[in-house]
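**Student:** Below: one structure in structure tokens.
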Amino acid sequence: MVPKAHREDLVTHRISTFGEFRDAISAYRLPRVLLAALELDLFTVIGVRSWTLTSLAKKLKVSERGLGILCRNLASAGLLYKSDGVYRNSALGATALNANHRTYRGGYLTLIRSHWADWIRLVESIRSGLPLDHDVPDGPDYRRQFTWAMHHRTLEIAPAIAAQLHLGRAQTLLDLGGGPGTYAMAFLARNPRLRATVCDRTAALEVAKEIASTHKARGRLSYASLDFSAEPIPGTYDVIWYSNVLHIYSPEENQAIFRRVRSALKPGGRFIIQDAFLHDRQGLYP
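Under my numbering, read the sequence shown as residues -5 to 280, first letter to last.
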């Protein structure tokens, strides 16, 4: 837990001078440098080799001058190493950012790239009061891509959360809206007597099954294809885990889901919610 006194500092820096405003409004520059590198697939192209700017620019079909400015900024951020005019990947660039490496986080990187285009349209959303994707069909292809993104995002987070939550004598857990099942697998890894079920849409569960296929605890993991916003939850569980799903639904929709959750909890069972909440008196800081 973050101490309350420090929570505001972690969430945002208060702006009281024009200099602070100038710094804050210019903070987009580094993220845009990182996104440019992703759009060029730079870390994948560099791979495990060392490159001169001339060779790398030719490979990427970009100007040597422009690439030099980009690589210099990436090197100053620690994502590339530069020595005698030659560039190579950092450990992070060669692994999680490299499409040819087994630990590549491509799903999440693709999602982040799409977010930039969304943020550019913020004023449009403010005027309409609607999310930008409110009328975009949520098809199987999008759901699979999004599910991979959530897995890549929570690979380190899920084990840390599982280590903090003591499930006691719980024998069954439902990961409601669990997508890739990353949290369910983290709970299974920490609790050898536990059995878990991931509940989500069919396209999401296809990804979950692929991910779990190499997990040691896969034999204790099952799947439930279900629209829990409209259908009863089958079975009963000692623990129901509801992570980063609450914010998707309206208060009325969540109340209906909670009634279904209550029916699916065993006597003395626990319903655990993880999401972003505004805890301070003014409702400003998560």
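Beta carbons are placed, not taken as given, at the ideal position from N, Cα and C, and that holds for glycine.
This one's a predicted model, so the numbers in the text were calculated from it and none came from an experiment.
Take Arg254 and list the residues in its own chain whose beta-carbon comes closer than 7 Å to its own, dropping the five residues that flank it on each side.
**Tutor:** Phe222, Pro226 and Ile227
**Student:** Report the residue from Ile106, Ser49 and Arg23 whose alpha carbon sits nearest the alpha carbon of Leu68.
**Tutor:** Arg23
**Student:** To the nearest angstrom, how far is the alpha carbon of Leu50 from that of Ala143?
**Tutor:** 29 Å
**Student:** If we cut at 7 Å on Cβ distances, does Arg254 have a partner in chain E?
**Tutor:** Judged by its chain identifiers, the structure shown contains no chain E, having just a single protein chain.
**Student:** Run through DSSP, which three-state label would Thr141 get?
**Tutor:** If DSSP states are grouped into helix, strand and coil, Thr141 belongs with the helices.
**Student:** So, at 8 Å on beta carbons, what are the nonlocal neighbours of Leu126 in its own chain, with the 5 sequence-adjacent residues on each side left out?
**Tutor:** Asp112, Arg115, Glu118 and Ser119
**Student:** Can you tell me whether Pro(-3) is buried or exposed, with buried defined as 16 or more other CB within 10 angstroms of its CB?
**Tutor:** Because the pLDDT of Pro(-3) is 44, which lies under 50, any placement of that residue in the model is unreliable, and the question is left without a value.
**Student:** Take every Cβ of the segment 237 to 251, pair it with every Cβ of the segment 197 to 213, and state whether three or more of those distances are shorter than 8 Å.
**Tutor:** In this structure the segment 237 to 251 does not touch the segment 197 to 213; the number of beta carbon pairs closer than 8 Å is below three.
**Student:** Quick check: the segment 50 to 64 against the segment 87 to 97, are at least 3 beta-carbon pairs closer than 8 Å?
**Tutor:** They do not touch, by the three-pair rule.
**Student:** What are the boundary residues of the beta strand (DSSP E) that Pro153 is part of?
**Tutor:** Run containing Pro153: none in the beta strand (DSSP E); it sits in the alpha helix (DSSP H), Ile151 to Gln158.
**Student:** How big is the Cα-Cα spacing for Leu259 and Leu167?
**Tutor:** 10 Å
**Student:** If you compare alpha carbons, which of Ala198, Gln165, Tyr177 and Tyr217 is closest to Arg187?
**Tutor:** Gln165
**Student:** State the Cα-Cα distance for the pair Gly277 and Arg264, rounded to the nearest angstrom.
**Tutor:** Near 27 Å, if we compare the C-alpha coordinates of Arg264 and Gly277.
**Student:** Buried or exposed: Thr281, going by 16 or more other Cβ atoms within 10 Å of its Cβ?
**Tutor:** Residue 281 falls outside the range modelled here, since the chain spans only -5 to 280, and no answer is possible.
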